[in-house]
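Enquirer: In the working numbering, the protein residues as written are 169 to 456.
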Ligand code: C2E
Ligand code: MG
Ligand code: MG
Ligand code: MG
């Protein structure tokens with residue numbers, strides 16, 4: 169196993185490492201400096217009400233603009249950040265940046281932020297979240313933290329304690345990638361979730377695959393019975409949306425409504441979405 173990345177940043181050539189290991193090692197070394205060098209960037213993907221199609225919020229998704237490799241996807245570098253423990257520092261940056269960005273929006277859209285298992289295991293997470301809220305001035309109820317089951321199976325008691333503290337701040341907790349973990353039902357029973365996000369691997373098949381359709385339908389009923397709104401991830405078509413609406417799904421997120429947007433593109437979208445002056449005039453009472 170490679171030495172901790174806290175060691176010297178010189179990377180010795182090691183014949184026992186294969187190509188993949190060497191490349192991950194090199195990525196870990198440069199990821200360490202990525203925050204300080206300003207190479208990390210948040211993209212924002214819209215979340216919409218399923219029935220009205222109205223915009224209700226955004227999920228912040230991390231991107232790494234690597235000086236030589238270009239955009240590195242989180243699928244590649246988040247696991248490296250988790251292995252090396254760097255995810256805590258990066259996650260703290262994500263929280264601050266996402267809250268700061270959301271606090272500049274003219275409309276009170278929600279902002280959803282992914283929280284890694286290791287962050288949840290930190291007892292100071294509530295303090296970090298509290299400070300991000302105070303420094304940005306963002307109302308706590310506008311922040312939603314997305315956690316996965318992996319984050320809570322290891323030490324359930326501690327995770328529950330941290331989640332209760334987070335909830336007492338007024339932030340919302342979403343269960344991300346629902347259905348892909350080991351004990352999704354037990355987790356739903358024991359944890360106070362404010363939202364269930366059905367994993368897109370199920371949503372993808374709703375129009376073609378009987379099993380996928382049944383699982384999505386059952387999850388929507390489950391959420392509704394527990395009074396937990398359900399969001400479907402990975403909605404890519406009108407057909408997906410039609411199925412989800414027929415089943416009473418509450419919210420949707422996916423390429424059909426919008427890809428993750430860089431800050432500049434987001435500003436354009438928010439400006440287009442802002443209530444237009446003419447509409448405001450029409451809404452005025454007639455007797456002036
Ligand atoms: P996730 O939290 O489940 O995020 C949803 C992923 O699905 C995003 O991938 C998004 O771009 C993608 N997606 C959304 N709609 C569609 C669609 O209609 N079709 C398809 N094919 N994909 C869609 P992304 O941005 O590559 O992120 C992948 C994962 O990386 C995230 O999954 C999350 O687990 C992790 N991640 C991203 N940003 C962060 C972060 O700031 N912190 C942590 N801890 N993890 C993050
Ligand atoms: Mg997520
Ligand atoms: Mg997800
Ligand atoms: Mg997912």
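For each residue, glycine too, the CB sits at the ideal point set by N, CA and C.
Whose C-beta lies closer than 8 Å to the C-beta of residue 356 among residues of the same chain, with five residues either side of it excluded?
Expert: Taking the chain shown and counting its residues from 1, the one referred to as residue 356 is at position 188. Cβ within range, chain order: 343, 364, 390, 394 and 396.
Enquirer: Near residue 171, which residues of its chain fall below 7 Å by C-beta distance, leaving aside the five closest residues on each side in sequence?
Expert: Residue numbering aside, residue 171 sits at position 3 when the chain shown is read from its first letter. With a pLDDT of only 41 at residue 171, under 50, the local geometry of the prediction cannot be trusted, and the value read off the model is given with reservation. Excluding positions up to five away in sequence, the list is empty.
Enquirer: Tell me which same chain residues have a C-beta within less than 8 Å of the C-beta of residue 229, skipping the five on either side of it?
Expert: In the chain shown, residue 229 corresponds to position 61, counting from 1. Cβ neighbours of residue 229 beyond the five flanking positions: 210, 211, 212, 213, 242, 282 and 428.
Enquirer: On the criterion of 16 or more Cβ atoms from any shown chain inside 10 Å, does residue 314 qualify as buried, or is it exposed?
Expert: For this step, residue 314 is matched to residue 146 along the chain shown. Counting every other CB atom within 10 Å of its CB across the protein chains shown gives residue 314 a total of 16 or more, marking it as buried.
Enquirer: Taking 7 Å as the line, does the beta carbon of residue 262 fall inside it for any heavy atom of ligand 1?
Expert: By 1-based counting over the chain shown, the position of residue 262 is 94. Within the cutoff, so yes.
Enquirer: Rounded to whole angstroms, what is the Cα-Cα separation between residue 216 and residue 430?
Expert: Your numbering for residue 216 matches position 48 in the chain shown. Your numbering for residue 430 matches position 262 in the chain shown. Each residue's alpha carbon lies about 18 Å from the other.
Enquirer: Give the secondary structure of residue 284 by DSSP, where H, G and I count as helix, E and B as strand, and everything else as coil.
Expert: One-based indexing of the chain shown puts residue 284 at position 116. In this structure, residue 284 counts as coil in the three-state DSSP scheme.
Enquirer: Given residue 332, which residues of its chain have a CB within under 8 Å of its CB, disregarding the five upstream and five downstream residues?
Expert: Looking up residue 332 in the chain shown gives position 164. Contacts found: 360.
Enquirer: For residue 245 and residue 226, I'd like the C-alpha separation in whole angstroms.
Expert: What you label residue 245 is simply residue 77 of the chain shown in a count that begins at 1. What you label residue 226 is simply residue 58 of the chain shown in a count that begins at 1. In this structure, the alpha-carbon of residue 245 lies about 22 Å from that of residue 226.
Enquirer: Taking the Cβ atom as the reference point for each residue, do residue 388 and residue 415 lie within a distance shorter than 8 Å?
Expert: For this step, residue 388 is matched to residue 220 along the chain shown. For this step, residue 415 is matched to residue 247 along the chain shown. Cβ distance < 8 Å, so residue 388 and residue 415 count as in contact.
Enquirer: Taking 7 Å as the cut-off, is the beta-carbon of residue 227 closer than that to any non-hydrogen atom of ligand 2?
Expert: Along the chain shown, one-based indexing puts residue 227 at 59. Correct: residue 227 has its Cβ closer than 7 Å to ligand 2.
Enquirer: Give me, in chain order, the residues of the same chain whose beta-carbon lies closer than 6 Å to that of residue 175; leave out the 5 immediate sequence neighbours on both sides.
Expert: Locating residue 175 in the chain shown gives position 7, counting from the first residue. With a pLDDT of only 44 at residue 175, under the threshold of 50, the placement of this residue in the model should not be trusted; the figure read from the coordinates follows. Cβ neighbours of residue 175 beyond the five flanking positions: none.
Enquirer: Give a single yes or no on whether residue 419 has its beta carbon closer than 7 Å to a heavy atom of ligand 2.
Expert: Within the chain shown, residue 419 is the residue found at index 251, counting from 1. Checking the Cβ of residue 419 against ligand 2 gives no.
Enquirer: Does the stretch 300-307 come within contact of the stretch 321-330, defined as at least 3 CB pairs closer than 8 Å?
Expert: no
Enquirer: List the DSSP bridge partners of residue 213.
Expert: Position 45 of the chain shown holds residue 213. Per DSSP, 227.
Enquirer: Straight-line CA distance for residue 272 to residue 425?
Expert: As a working mapping, residue 272 is identified with position 104 in the chain shown. As a working mapping, residue 425 is identified with position 257 in the chain shown. Those two C-alpha atoms are separated by around 22 Å.
Enquirer: May I have the straight-line CA-CA distance separating residue 370 from residue 392, to the nearest angstrom?
Expert: For the purposes of this step, residue 370 is identified with residue 202 of the chain shown, where counting begins at 1. For the purposes of this step, residue 392 is identified with residue 224 of the chain shown, where counting begins at 1. Straight-line Cα distance between these residues: approximately 18 Å.
Enquirer: Near residue 376, what residues of its chain come up, given a Cβ to Cβ distance below 6 Å and the 5 sequence neighbours on each side ignored?
Expert: Within the chain shown, the letter at position 208 stands for residue 376. Correct list: empty, nothing qualifies.
Enquirer: Would you please state the rounded distance, in angstroms, between the beta carbons of residue 204 and residue 252? I believe it to be under 8 Å.
Expert: Within the chain shown, numbered from 1, the residue matching residue 204 stands at position 36. Within the chain shown, numbered from 1, the residue matching residue 252 stands at position 84. With a beta-carbon spacing of about 15 Å, residue 204 and residue 252 fall beyond the 8 Å limit used to define contacts.
Enquirer: Thinking C-beta only, is residue 337 closer than 8 Å to residue 277?
Expert: In the chain shown, counting from the first residue as 1, residue 277 sits at position 109. In the chain shown, counting from the first residue as 1, residue 337 sits at position 169. It is not a contact, given that the beta carbons lie outside the stated cut-off.
Enquirer: Under 7 Å Cβ to Cβ from residue 405, same chain only, skipping five residues before and after it: list those, please.
Expert: For the purposes of this step, residue 405 is taken as the residue at position 237 of the chain shown. Excluding sequence neighbours, residue 405 sits near 424.
Enquirer: Does residue 377 come out as helix, strand or coil in the three-state DSSP assignment?
Expert: On the chain shown, position 209 is the one that residue 377 refers to. Coil at residue 377, not helix or strand.
Enquirer: Nearest-angstrom Cα distance between residue 248 and residue 274?
Expert: Here residue 248 refers to the residue found at position 80 when the chain shown is read from its first residue. Here residue 274 refers to the residue found at position 106 when the chain shown is read from its first residue. Near 36 Å, if we compare the C-alpha coordinates of residue 274 and residue 248.
Enquirer: Considering only DSSP beta bridges, list what residue 239 is partnered with.
Expert: Sequence index remark: in the chain shown, residue 239 carries index 71 (1-based). Beta-bridge pairing links residue 239 to 233.
Enquirer: Using the C-alpha atoms, what's the distance from residue 290 back to residue 250?
Expert: Looking up residue 250 in the chain shown gives position 82. Looking up residue 290 in the chain shown gives position 122. If you take the alpha carbons of residue 250 and residue 290, they lie about 13 Å apart.
Enquirer: Helix, strand or coil for residue 420 per DSSP?
Expert: Residue numbering aside, residue 420 sits at position 252 when the chain shown is read from its first letter. DSSP places residue 420 in strand when its eight states are reduced to three.
Enquirer: On a Cα-Cα basis, can you pick out the residue from 351, 301, 303 and 269 that is closest to residue 317?
Expert: Here the question's residue 317 lines up with position 149 in the chain shown. Selected option, being the one with the closest Cα: 351.
Enquirer: What do you get for residue 297, buried or exposed, if any count of 16 or more other CB atoms within 10 angstroms of its CB means buried?
Expert: Along the chain shown, one-based indexing puts residue 297 at 129. The residue is buried, with at least 16 neighbouring Cβ atoms inside 10 Å.
Enquirer: Can you list, in chain order, the residues of its chain whose CB lies under 7 Å from that of residue 186, leaving out five sequence neighbours each side?
Expert: Numbered from its first residue, the chain shown carries residue 186 at position 18. Excluding five sequence positions before and after residue 186, none of the CB atoms of its chain fall closer than 7 Å to its own CB.
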